[in-house]
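Take a look at the structure set out below.
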Amino acid sequence: MSTDTPKTESAPVIKELARLGAHFSYSRRSRHPSTKRFIFGFRNRASIIDLHKTATALDEAKVLIRELVSKGKMVMMVGTKSEAREAVAQVAESVNQPYVNERWLGGTLTNFKQMRKRIDRLAELKDKGAKGELSVYTKKERSLIAKEVADLERYFGSLSSMTGIPGALIVVDPKDEAIAVAEAHQLNIPVIALCGSDCNLSLVTHPVMVNDNNKATISFILKDLAAAYIEGKALAVKAAAEAATVAPAETTTNA
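With my numbering applied, the sequence shown corresponds to residues 55 to 309, in that order.
In structure tokens form, the structure reads like this:
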């Protein structure tokens, strides 16, 4: 499968997005000017998103994900609003990718070396606990360690698979995740963002306009993006297998 051309099978996606109510967004008064090209019209003061353009943007985002993952890159999901937390965790965990669905800690990307130390500290304490090595501490010390583990788990547990800077961020509502988006921009990391009509689309590289307050819509979009991740992973595995096959043949020829 080529990673250069977006898929064109958009009709089922558009139909499902319409069924979920993904086309309803904020009022005309709340609409950001940058979203104008994605707005089909208005109904009962609500902005109506053009789902054909949403499907096209989604296809383009999936091409990017497939390409990045096929080259061994990670993709990080971010969504801390209540409507996004569950879907972000479920989908990211299903493809073993890092995510943030609690508060974004400043420096998660721009000061990753320091963040990695906290992730490693969590892994160290959990490993010691599993091996029974914490039994040498007093009851009070174990209580303090347990609290430390709980705190670290809350903010860093979902980042355990993050070994470096991700190739892209998938963000639910960039208005709510302004710090994450700013850090990604600083590091030239592309941002795929599920955006409502109140978002400034110029702040993200790949806006996907949808109802970003609708749990079902968020889940559907994230799962579709995760499918592209799986496809990219398969391409990476295939490329590695082909490289392994070619290498022995070249060695034999040279001999």
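Built from N, CA and C at the ideal position, the CB exists for glycine as well.
Boundaries (first-last residue) of the alpha helix (DSSP H) holding residue i
| i | result |
| --- | --- |
| residue 77 | Segment: none, residue 77 is in no alpha helix (DSSP H) and carries neither H nor E. |
| residue 129 | Segment 129-132 is the beta strand (DSSP E) holding residue 129; no alpha helix (DSSP H) there. |
| residue 258 | Looking at the DSSP string, residue 258 is not in any alpha helix (DSSP H), and its letter there is neither H nor E. |
| residue 148 | 136-148 |
Rounded distance between the beta-carbons of residue j and residue i, thought under 8 angstroms
| i | j | result |
| --- | --- | --- |
| residue 108 | residue 231 | Not really, about 19 angstroms apart at Cβ, beyond 8 angstroms. |
| residue 112 | residue 286 | That pair is no contact at about 15 angstroms. |
| residue 224 | residue 128 | Rounded, the Cβ-Cβ distance is 11 angstroms, inconsistent with contact. |
| residue 76 | residue 265 | 5 angstroms |
| residue 270 | residue 105 | That pair is no contact at about 14 angstroms. |
| residue 116 | residue 282 | 4 angstroms |
| residue 175 | residue 155 | About 21 angstroms; that fails the 8 angstroms criterion. |
| residue 246 | residue 280 | The pair is not a contact, with the Cβ atoms about 12 angstroms apart (cut-off 8 angstroms). |
| residue 228 | residue 257 | 6 angstroms |
| residue 161 | residue 151 | Contact flag wrong, Cβ pair sits at about 20 angstroms. |
Strand pairing of residue i, partner residues [DSSP]
| i | result |
| --- | --- |
| residue 53 | Absent from the model: residue 53. The displayed extent of the chain is 55 to 309, so no value can be given. |
| residue 153 | 131 |
| residue 118 | Residue 118 pairs with nothing; no bridge assigned. |
| residue 248 | 226 and 262 |
First and last residue of the uninterrupted beta strand (DSSP E) at residue i
| i | result |
| --- | --- |
| residue 243 | Run containing residue 243: none; DSSP gives neither H nor E here. |
Of all the beta strand (DSSP E) runs that stay within the bounds of the stretch 167-227, which reach a length of 3 or more residues?
-> As for any beta strand (DSSP E) of minimum length 3 sitting wholly inside the stretch 167-227, the runs are 222-226, ordered along the chain.
Determine contact between the stretch 241-251 and the stretch 89-102, defined as no fewer than three beta-carbon pairs at a distance below 8 angstroms.
-> By the C-beta criterion, the stretch 241-251 is judged to be in contact with the stretch 89-102, since at least 3 inter-stretch pairs fall below 8 angstroms.
Is the stretch 210-226 touching the stretch 185-195, taking contact as three or more C-beta pairs under 8 angstroms?
-> Using a Cβ-Cβ distance cut-off of 8 angstroms, the stretch 210-226 and the stretch 185-195 are not in contact, since fewer than three pairs of beta carbons, one from each stretch, lie closer than that value.
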